[in-house]
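Residue numbers for the sequence shown follow my numbering, so the first one is -8 and each next one is one higher. Everything below concerns the one structure shown next.
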Amino acid sequence: MKYKIFLFAFLFVLTGHLTASSEFTGVFTQINPSATTRAFGNESGTAYIWGNNPLNSWSNPALLAYNDGLSWGWSHDPWFEDVIDGIYINSSYISYANRNIGLLIPMFNASGNLGTTCDYGMQEAYDANGHLVSKFHSYEICSRFAAGKKLLNVNFTPGKSQNSNSFSLSAGYDFRNIISKIKWTPEDTSNTAKGTMHGVGLLGHFTHDHHLSSLKSLLRIEFTSGLYLVNAFKNKMSYASGDYPLPYGSRVGFTGKVSYDFGVNSNISMPVSFLQSNVSLCFVYDKAKYGDNSSTWGQGFEFGLFDMLFLRWGEYHDEQGHIEGNTSGICIKLNFNNVVNFEYNYAMFPGGELQAEQRKNDLMVSVDLMKVFKKK
-8 MKYKIFLFAF
2 LFVLTGHLTA
12 SSEFTGVFTQ
22 INPSATTRAF
32 GNESGTAYIW
42 GNNPLNSWSN
52 PALLAYNDGL
62 SWGWSHDPWF
72 EDVIDGIYIN
82 SSYISYANRN
92 IGLLIPMFNA
102 SGNLGTTCDY
112 GMQEAYDANG
122 HLVSKFHSYE
132 ICSRFAAGKK
142 LLNVNFTPGK
152 SQNSNSFSLS
162 AGYDFRNIIS
172 KIKWTPEDTS
182 NTAKGTMHGV
192 GLLGHFTHDH
202 HLSSLKSLLR
212 IEFTSGLYLV
222 NAFKNKMSYA
232 SGDYPLPYGS
242 RVGFTGKVSY
252 DFGVNSNISM
262 PVSFLQSNVS
272 LCFVYDKAKY
282 GDNSSTWGQG
292 FEFGLFDMLF
302 LRWGEYHDEQ
312 GHIEGNTSGI
322 CIKLNFNNVV
332 NFEYNYAMFP
342 GGELQAEQRK
352 NDLMVSVDLM
362 KVFKKK
């Protein structure tokens, strides 16, 4: 008997439209779970080191070396909700770092799986005459483990100088365990495909600190540059019908950030305890290339006020996937006694011909365990 599952024909056209061409399977692994980096260029996070959100390290595991404390990042998003209902991208990760070495492990997400899940929900299979044959739950899982470590720290101006210059270099590695639960025909009993991916990242960070007003205030200028090799060994996904290549390629990026701290002895008084007396402006640029596909790129800006409110905007260009347009977003951070941090991120970005605009949000909670232990 001949069966047809109409939905999955649509799904794989859709997922192939997202980030990579039809030469790859498992392209859902390249869907960015971070609303932060989505907001200023869709994929622009390879060198963005600011913030403890574990979801940001999707762009480069070397970022973990700049995190601090125990952090949990979570996101739950309807995917192409204007096109079809019931598809969700859910992610949940926890990391621990001390601004020198960081580790990341997957946690249970809203779909009840570890790490990131592309959940297609309950689907229906029909025969050639249009009669309902069966219902089944289809989803794909990517459980990501990662580590980052600073390899080098150099202070070019030691001593009591009012100004200082420093450089650090970090490296990172991540491992992704991938499971696909997609049932092609109602009688198919071998509907599970498995695969793994290995990624390697590097990141350099230069900082110039310039003290002003008799050391009361500080002007900081920072530059970072990062490289991430995605699926460095070009591993494949094993289906019942054979092995098919997973996405492989590279992402490179750089950032420039200027921040001004008014200083603890300044005349500026913050009305709320968790506000910090600083402002910042950051520029971010990223470029990605997968397999033989044309390169994609994104760039954007971030304006930060009192380390609480961050406004983000940018643009993304993927000529091959016909996904181009502006991105934007907002971030709200709350800092309680420099021990507990809460962060909410919201982003809007282009979805191409299928959906002109998509939305994404995530949450992050971080605790500085060392300060907790010291208080005890």
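We put the CB at the ideal spot given by N, CA and C, even for glycine. Note that the coordinates shown come from a computational prediction; the quantities given were computed from them, not determined experimentally.
Proximal residues to residue i (C-beta, below 6 Å), its chain only, five neighbours per side dropped
i, result
"GLY42", "none"
"SER216", "ALA38, GLY195, PHE245"
"GLY106", "PRO97, CYS133, SER134, ARG135"
"MET228", "THR16, GLY17, ALA184, GLY186, TYR235, LEU237"
"LYS141", "ALA56, ASN91, SER159, SER161"
"ASN352", "ALA26, TYR337"
"SER357", "ASN43, GLY60, SER62, ASN332"
"SER157", "ASN146, THR198"
"SER12", "Caution is warranted here: a pLDDT of 46 is assigned to SER12, below 50, making its placement in the model unreliable, and the coordinate value is therefore given only provisionally. Counting only Cβ-Cβ distances below 6 Å, and skipping sequence neighbours, we find ASN284."
"GLU14", "GLY282"
"ARG211", "ASP200, SER250"
Terminal residues of the beta strand (DSSP E) in which residue i lies
i, result
"THR20", "Where THR20 is concerned, there is no enclosing beta strand (DSSP E), given that its DSSP letter is neither H nor E."
"GLU315", "314 to 327"
"HIS122", "Here HIS122 belongs to no beta strand (DSSP E), and DSSP marks it neither H nor E."
"TRP375", "The first residue shown for the chain is -8 and the last is 367, placing residue 375 beyond what the model contains."
"SER86", "79 to 89"
"GLU293", "287 to 296"
"VAL356", "348 to 358"
"MET339", "331 to 341"
"TYR276", "269 to 281"
"ASP76", "Where ASP76 is concerned, there is no enclosing beta strand (DSSP E), given that its DSSP letter is neither H nor E."
"ALA231", "First-last for ALA231: undefined, no H or E at that position."
"LEU209", "208 to 221"
Check whether residue i and residue j have beta carbons under 7 Å apart
i, j, result
"GLY77", "GLY112", "yes"
"SER83", "TRP70", "no"
"ASN23", "TYR307", "no"
"LEU209", "HIS199", "no"
"GLY289", "SER35", "yes"
"GLY93", "ASN58", "yes"
Supposed close pair residue i, residue j - CB separation, criterion 8 Å
i, j, result
"ALA30", "LEU55", "About 21 Å separates the two Cβ atoms, so there is no contact after all."
"GLY192", "PHE214", "GLY192 to PHE214, Cβ: 17 Å. No contact."
"THR20", "ASN44", "That belief does not hold up - the Cβ atoms of THR20 and ASN44 are roughly 19 Å apart, past 8 Å."
"GLY240", "LYS280", "5 Å"
"GLN114", "PHE127", "6 Å"
"PHE218", "GLY190", "It is Leu, not Phe, that sits at residue 218 in the sequence shown. The pair is not a contact, with the Cβ atoms about 11 Å apart (cut-off 8 Å)."
"ALA137", "LEU95", "4 Å"
Distance between residue j and residue i (C-alpha atoms, nearest Å)
i, j, result
"GLN349", "TYR251", "33 Å"
"GLY186", "THR108", "15 Å"
"GLN153", "ALA223", "43 Å"
"ASP298", "ASN269", "7 Å"
"TYR276", "PHE197", "16 Å"
"ARG167", "GLU334", "26 Å"
"ALA347", "PRO341", "5 Å"
"LYS172", "SER129", "5 Å"
"ILE321", "GLY295", "10 Å"
"GLU315", "GLY343", "6 Å"
"VAL330", "MET355", "14 Å"
"GLY233", "HIS313", "30 Å"
"MET339", "THR318", "6 Å"
"ASP165", "MET188", "8 Å"
"GLY139", "ILE169", "21 Å"
"ILE323", "ASP359", "19 Å"
"LEU300", "ALA231", "50 Å"
"GLY254", "ASN328", "17 Å"
"VAL243", "LEU325", "31 Å"
Own chain residues within Cβ distance below 7 Å of residue i, not counting five before or after
i, result
"HIS67", "TYR79, ASN81, ALA101"
"LEU46", "PRO24, SER25, GLY64, SER66, SER82, TYR84, ASP353"
"PHE274", "THR246, GLY247, PHE292"
"ASN104", "ILE132"
"LEU143", "SER159, LEU160"
Neighbourhood of residue i by C-beta distance below 8 Å, restricted to the same chain and skipping five residues each side
i, result
"TRP304", "ALA30, PHE31, GLY291, PHE292, ASN317, THR318, SER319, GLY320"
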